[in-house]
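First residue of the sequence shown: 1, per this note's numbering; consecutive thereafter. Using N, Cα and C, we set each Cβ at its ideal position, and we do this for glycine too. Read the structure below first, then the notes.
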Amino acid sequence: MLLYDLIKPHERSFDPKLTKVHLALKFEQTLKVGLLSFAITALMCAQALSQEAPTRRAHIDVTRVTSGVSDRDMIARACTKSAIAAVSAHAAGELSTILNEAAKVGKGGSSNNQFFNNLVKAYRLDTSDDFLFASLFDARLNLMWLEQLSGAYSSDKELMFTTYLAARCGATAEPISSP
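Below is the structure:
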């Protein structure tokens, strides 16, 4: 569709010179509105980013240090193993495949994917429930964010990535009773 076709018929001029001028004015008006919209959006984003978030710090409630130790220990172990497996799979370019395999196995299926089975065996991952899938899914999202923040994964970032994934998993995981 031509710009000329967008102009209402009663606004069209039959003089070719006027038509070109009219088209140029319409185009200029549209361009100005688009640029203005872009500028407003950019300013709003800049404003949102420039606002300082309230200063927050980490805190550990000393009374919780000795309570729930076994639950926190179980979560820490499960999350650490899952984080190591996720980073290993990501480094090999297999995280999406491993995530799909974890979904199959978590629903009572089995996997014939050798890489997945090797990870499960090497890191003694529990495939009896949906924790593995959920933790790998969370790891995938966090890996995308980490790479956006610090650049593509490389072996020198392995420790930082693994530690971050384990900590994020530990912050969201909850102990549940076995059926």
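Query, Result
"Own chain residues within Cβ distance below 7 Å of residue 123, not counting five before or after", "81, 84, 85"
"Limits of the alpha helix (DSSP H) - the one that residue 122 falls within", "114 to 123"
"Nearest neighbour of residue 146, chosen from 130, 105, 165 [CA to CA]", "165"
"Coarse secondary structure for residue 58, derived from DSSP in three states", "coil"
"Contact between the stretch 89 to 107 and the stretch 69 to 78 (3+ Cβ pairs under 8 Å)", "no"
"DSSP-derived helix/strand/coil call for residue 7", "Low local confidence applies: a pLDDT of 49 at residue 7 is under 50, so the model's placement there is unreliable, with the coordinate-based value given in what follows. In this structure, residue 7 counts as coil in the three-state DSSP scheme."
"Close-in-space but distant-in-sequence residues of the same chain around residue 137 (CB under 7 Å, 5 per side omitted)", "99"
"Beta-carbon proximity check, residue 117 vs residue 111, cutoff 8 Å", "yes"
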